[in-house]
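Asks: Quick one: this structure, given as structure tokens, is what I'll be asking you about.
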Amino acid sequence: MRKGLFSATFLFMTVTGFAQNGVVTVDVETPGTLSERVLELDVTRIKSLTVTGNLNGSDIAYLNSSTGKMSGVETLDISNIKLVPGDEPYATVVIARSDIGMGKTTAIFYIGDVYSETSDSQNTGLGGVNITKYIHTNDLSGAFAYSKSSDSSCSIKEVILPRSLPRIGDYMFKSNTYIERIGIPSGVTEIGKAAFEAASSLTSVNLPAGVKIVDDYAFSRSGLAQIDLPESLTVIGAEAFRETKLIGELDFSNVERLGMWAFWNVKISGTLNLGKLTEIPDGAFTGGDYDKVIFSDNLVAIGEGAFANSKLTDVTLPASLTSICASSFQDTPWYSSLKGADDGIIYINDIALAPTQNVKIVDGLLVIKDGTRSIASGNWNINDGNTSISTLVTRLELPSTLETIGDEVFSGFEKLGDITLPEGLAYIGDRAFNGCKSLWFENLPSSVLNIGEEAFNGCKSLTQIALSENVKSVGNNAFYGCSGISLVKIFASDLRGSGILGFGSEALDRVVIGGKVQYLPEESFFNSTNLRKVEFEPRDPATPLFIDGYCFSNCGKAQFVNFPERIDSIADYAFSDCAALSGSMMLTDTRHIGYRSFIGCSSLTEVVLPESVEYIGEEAFGRCGNLQRVEYNCISATTGTVFRECDILAAVKIGKNVEKLGDGLFSTLSSLNSVEFEANGIENDSEIPSSFEIGQHCFSASGFKKIELPRNTTLIGDYAFADGKFAEITLPAMIKYLGKEMFSSSRVKNITILAEEVPEAGGNLWYSDVEAQSVVFHVPARLINDYRDAEIWKNYHYEPIEKLVEKIEISSSSVTLEEGSTLTLSVTVSPADADNQDVAWKSDNEDVVTVDNNGVVTAVAPGTATVTVSTLDGSNLSATCEIRVVKPVVLVESITLDITDATLNVGDTMMLTATVLPEDADNREVTWISGNEDVVTVDNNGVVTAVAPGTATVTVSTLDGSNLSATCNITVESKTGGVDAVGAESINVIARDGVIIISGTSEEAFIYSMTGMLIRRTDERRIEGLVSGCYFVFVGGQSFKVVI
């Protein structure tokens, strides 16, 4: 590799050489004292300055200040300094400006142990934004960049950087036109972004052997004429060496990644060894003097103009190449030498690169040959010497193997008509069919993944488009000006990152949105004034949906079918002026509702907003002329005047979990006559938030004449009830802060404040004290003097209020009574010293329950009613008891058995019958129990079975709670062998020696145990193998009892 103009060793010798002529060394022990140490020096001029010791941000700033004794420094050696982190900024650098001058990005740098970054922004007032970044870093980013303050006197030409530096920081010498030589430490591995950009006096740099990365713009537009690229270098960023003065050969053999325009218009020569690059970006080597390139066998893509305007004569492209542009080798000797195939088209591998003037067009048909996988970017609208081929092509035959159509290929082919896009086509480039106003195809293939910007712009003959689930990206205005499309179907699940689809037109009639769609881009159907129907297919409730700005804006006739309840984010103007969007809108899981997102949706009648909403933009539901009711559950959303000009909005319900109503939320609603707070109906404090706030202007100029604030209200913002129409209001005990002029121009005459301390006020509660002269404040008697002593409160009129009830409890929350019975409910109020503990009782259904003034409840008829007891002292507290009335229960009065004493042989059975009276008893069910189951068993039907000799008592008992019973005493005697036949005539069944013998019939026999379990089913007449016991034998329609 070629040597640079100097080395680090040379720099250190140069410093020493100035020792007798303005050469100074300063050691800094205490960070921040460098300027003081320099001022103390007994020298008038410093040409070479060596600094050692501990430097903080203010010391680094001084080095580049060019003030005082620093103004003459030409050589600066800071190789042995230690950077000390702190909050002292050392450089301010403008690192970016907007294209139209409406804003800029400024970085302020500090010394830090590790990299960290924060930022803030400020509107310029001209439609732009100024961004300021605060960056802590240990690499001296921006330290010697050009600044206006030092431009006139800066003289440093040579800097030897700290040995400890890990990298050359971003913007370190950006736009520094004085720096000529740099001493880069051997440990540096990276040259930062724009580190030497526009350093026009810097002509040569020695990169250490370990440098791996040269970042974006690192030497762009600098004076660099000579550099060796170390073997360690693997990454070169965008425009890193753009428009430098480098000449000769450079070794790229180890470079693995290269940015766009990295060596644009750089006159490097010889052979470019790009053996490790798999992609070569746009403009990478445009305008060079090289004549040969060595490509990687794995090369897949070459960008626009990558080698254009060079002296390339020898190019061998690998078989791996899949993407190339017509301009990649434009205006090179090699490109000029390429010849077309028989069809007049230049092919490289399986890529159709470009047509020649001899391209074949037969009867308007242009054929791309079979096997072609890609058509390279570049417009095919060439001139054959007499006419442009775009005017000749009316038909296009694309091969089934085609996967990619590059940028602008058929742009301007106005006569191109019906085509078939092959299944397998994945990429359609920017402006690929732009302006093809006669183009028509039936369907986009389901294989399409990406559609470029303006790909079908102005294709007026297209009538329908379906974006399949496979589509990942659609470029800006891809379908803009397709004024004939009447049907659009979108099934692509996530088009985030796509541009404006551009489907909006007067012809659009119907839109179908698939159930898996998660994102609809900005202005997708904007201004489709004749759009008749938007159908949302059934969706999984777990599938999110984001609708971007202006998506359906001004689709005034559109009926929305299956409008989804879950829309996570609705951007600005998303449904503005959708006048046919009607009925009740009940959203769930929505987090963001943008500015004017539903403005002008004049058919909406009700809106339910969920707890999840975090932001509602100004006028989000403005001019919804038929909106009558709003249920607002947003816990703490940032809002503006959301419902401006909703002229008939009459009722608002605030959910129990709401913690804050945003600024201006319900202001200017003159028709609003009912504001209901759900928290007022919740008795348990743990079920509502610990505080509730009302934002500035929240209810200003609203029409309600009565409002009951929830008890957890703690803050009311400025102007919250200004121009209010109510005459009285109670501020609950938890109120802590009242905003200024919150009652200005209102009609309020009586204000009750239940707080146990004087609330803080942001200023006068009225615009002027004159407005408050007729208002009476009712406050706790013990606080009247405190109010009068407070500056904000002293000029108002006060009346004492009684000590109110704070809690009321009823003795039972629910009971069941029999018809005709009575119950006295008791009530407890607290505190015990409340001045007025009177209460009122009320039943909500006196056909079922009545209640008197003493809480005596009478059950009138079966049914359910709620009894409420309420305070009468103005605290507006209540408690309830739910009462269920049932008919009286008729209990059993007597139970008897038909047999009270019996004697049975072992194996015998008998049935006991119980008589339960009266017959209209509600529950006449009974239960049977044997007192000794070793002797006698009894089943649920009263069938008694004698099991073994002995005595036992069988008891039958009621189950209705009457606790009645009857008994039968049974004696069991032994019996050995034999049979009892019930109704036996010609059939004989006998038991002998453990065997049952059946005669007189050939029918099948069924043998059961005494508990009713089937033991055997058989045609045999001699039945053996049974254990000793009692059995029932059923045969020939007759029953026999047998003891073995």
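Here the working numbering is used: the first residue of the sequence shown is 10, the next is one more, and so on.
Where a beta carbon is used, it is the ideal one built from N, C-alpha and C, also for glycine.
Bear in mind that the values here come from a model prediction, so they are computed numbers and not experimental data.
Using 8 Å for Cβ pairs, my map puts residue 720 next to residue 734. What's the rounded Cβ distance?
Replies: Rounded, the Cβ-Cβ distance is 23 Å, inconsistent with contact.
Asks: Count the other CB atoms within 10 Å of the CB of residue 547; is the residue buried (16 or more) or exposed (fewer)?
Replies: Residue 547 comes out exposed.
Asks: Among 611, 609, 625 and 589, whose alpha-carbon lies nearest the alpha-carbon of residue 596?
Replies: Residue 596 has its Cα closest to that of 625, out of 611, 609, 625 and 589.
Asks: If you reduce the DSSP assignment to three classes, tell me which class residue 81 lands in.
Replies: Of the three classes helix, strand and coil, the one that applies to residue 81 here is helix, per DSSP.
Asks: By Cβ distance below 8 Å, which residues in the same chain neighbour residue 252 in space, the five residues on each side in sequence not counted?
Replies: Within the same chain, residue 252 has close Cβ partners 229, 230, 273, 274 and 275.
Asks: For a cutoff of 7 Å on Cβ pairs, would you count residue 125 as touching chain D?
Replies: Judged by its chain identifiers, the structure shown contains no chain D, having just a single protein chain.
Asks: Does the beta-carbon of residue 159 have 16 or more other beta-carbons within 10 angstroms, so that it is buried, or is it exposed?
Replies: Note that residue 159 has pLDDT 45, beneath the 50 cutoff, so the model's placement of it is unreliable and the number below is only indicative. Answer is buried; the Cβ neighbour count reaches 16.
Asks: Give a yes or no on whether the C-beta atoms belonging to residue 622 and residue 599 are separated by under 7 Å.
Replies: Result yes, Cβ atoms of residue 622 and residue 599 sit closer than 7 Å.
Asks: Going by alpha carbons, who is nearest to residue 505 out of 495, 94, 680 and 528?
Replies: Of the candidates 495, 94, 680 and 528, the one whose C-alpha sits nearest the C-alpha of residue 505 is 528.
Asks: Rounded to whole angstroms, what's the CA-CA distance from residue 67 to residue 46? Just pull it up for me.
Replies: About 13 Å.
Asks: According to DSSP, is residue 473 helix, strand or coil?
Replies: If DSSP states are grouped into helix, strand and coil, residue 473 belongs with the strands.
Asks: Contact between the segment 698–710 and the segment 725–739: three or more CB pairs below 8 Å?
Replies: Yes, the segment 698–710 is in contact with the segment 725–739.
Asks: Can you tell me whether DSSP reads residue 643 as helix, strand or coil?
Replies: Correct three-state label for residue 643: coil.
Asks: Does the beta-carbon of residue 155 have 16 or more other beta-carbons within 10 angstroms, so that it is buried, or is it exposed?
Replies: By the 10 Å Cβ count, residue 155 comes out buried.
Asks: Count the other CB atoms, across all protein chains shown, that sit within 10 Å of the CB of residue 128; report buried if there are 16 or more and exposed otherwise.
Replies: Exposed, by the Cβ-count rule.
Asks: Would residue 545 pass as a contact of residue 512 if the rule is Cβ separation under 7 Å?
Replies: No; because the gap between Cβ atoms is not below 7 Å, this pair is not in contact.
Asks: How long is the line joining the alpha carbons of residue 918 and residue 967, rounded to whole angstroms?
Replies: Distance between the alpha carbons of residue 918 and residue 967: 23 Å.
Asks: Apply the 10 Å Cβ neighbour rule to residue 483 and answer buried if 16 or more other Cβ atoms are within range, or exposed otherwise.
Replies: Residue 483 is buried by the Cβ-count criterion.
Asks: Could you work out which residue in 933, 934 and 948 is closest to residue 940 when comparing CA atoms only?
Replies: Among 933, 934 and 948, the Cα nearest to that of residue 940 belongs to 948.
Asks: Measuring alpha carbon to alpha carbon, tell me which residue in 380, 884 and 305 is nearest residue 408.
Replies: For residue 408, the nearest C-alpha among the options comes from 380.
Asks: With DSSP collapsed to three states, give me the class of residue 43.
Replies: Of the three classes helix, strand and coil, the one that applies to residue 43 here is helix, per DSSP.
Asks: Residue 364 by DSSP, collapsed to three states: which one?
Replies: If DSSP states are grouped into helix, strand and coil, residue 364 belongs with the strands.
Asks: Of the choices 287, 1050 and 507, whose alpha-carbon is the least far from that of residue 1000?
Replies: Cα-wise, what sits closest to residue 1000 is 1050.
Asks: Thinking C-beta only, is residue 602 closer than 7 Å to residue 567?
Replies: The answer is no: Cβ separation not under 7 Å.
Asks: Could you tell me whether the segment 925–938 touches the segment 998–1013, where touching means 3 or more Cβ pairs closer than 8 Å?
Replies: Flag = no, the segment 925–938 and the segment 998–1013 do not touch.
Asks: Quick check: residue 387 and residue 367, are their CB atoms within less than 7 Å of each other?
Replies: No, the pair does not count as a contact, with Cβ atoms beyond the cut-off.
Asks: Start and end of the beta strand (DSSP E) containing residue 809?
Replies: Note, residue 809: beta strand (DSSP E), 806–810.
Asks: Give the straight-line distance between the Cα atoms of residue 464 and residue 92, rounded to the nearest whole angstrom.
Replies: For residue 464 and residue 92, the distance between alpha carbons rounds to 54 Å.
Asks: In or out: residue 782 buried (at least 16 other Cβ within 10 Å) or exposed?
Replies: Residue 782 should be labelled exposed.
Asks: Ignore the nearest five residues each way along the sequence and tell me which others in residue 219's own chain have a CB closer than 8 Å to its CB.
Replies: Correct list, in chain order: 195, 196, 197, 198, 239 and 241.
Asks: Alpha carbon to alpha carbon, what distance is there between residue 851 and residue 1075?
Replies: The first residue shown for the chain is 10 and the last is 1053, placing residue 1075 beyond what the model contains.
Asks: I'd like the list of long-range same chain contacts for residue 322, defined as Cβ closer than 6 Å, with 5 residues on each side in sequence excluded.
Replies: Excluding sequence neighbours, residue 322 sits near 300, 342 and 343.
Asks: Under 7 Å between the Cβ atoms of residue 65 and residue 41?
Replies: Yes, these two residues count as a Cβ contact at 7 Å.
Asks: Could you give the DSSP three-state label for residue 274: helix, strand or coil?
Replies: Coil, per DSSP.
Asks: Where do the N-terminal and C-terminal ends of the beta strand (DSSP E) with residue 817 fall, by residue?
Replies: Where residue 817 is concerned, the enclosing beta strand (DSSP E) stretches over 816–819.
Asks: Short check: CB of residue 336 to CB of residue 317, under 7 Å?
Replies: Yes. Within cutoff.
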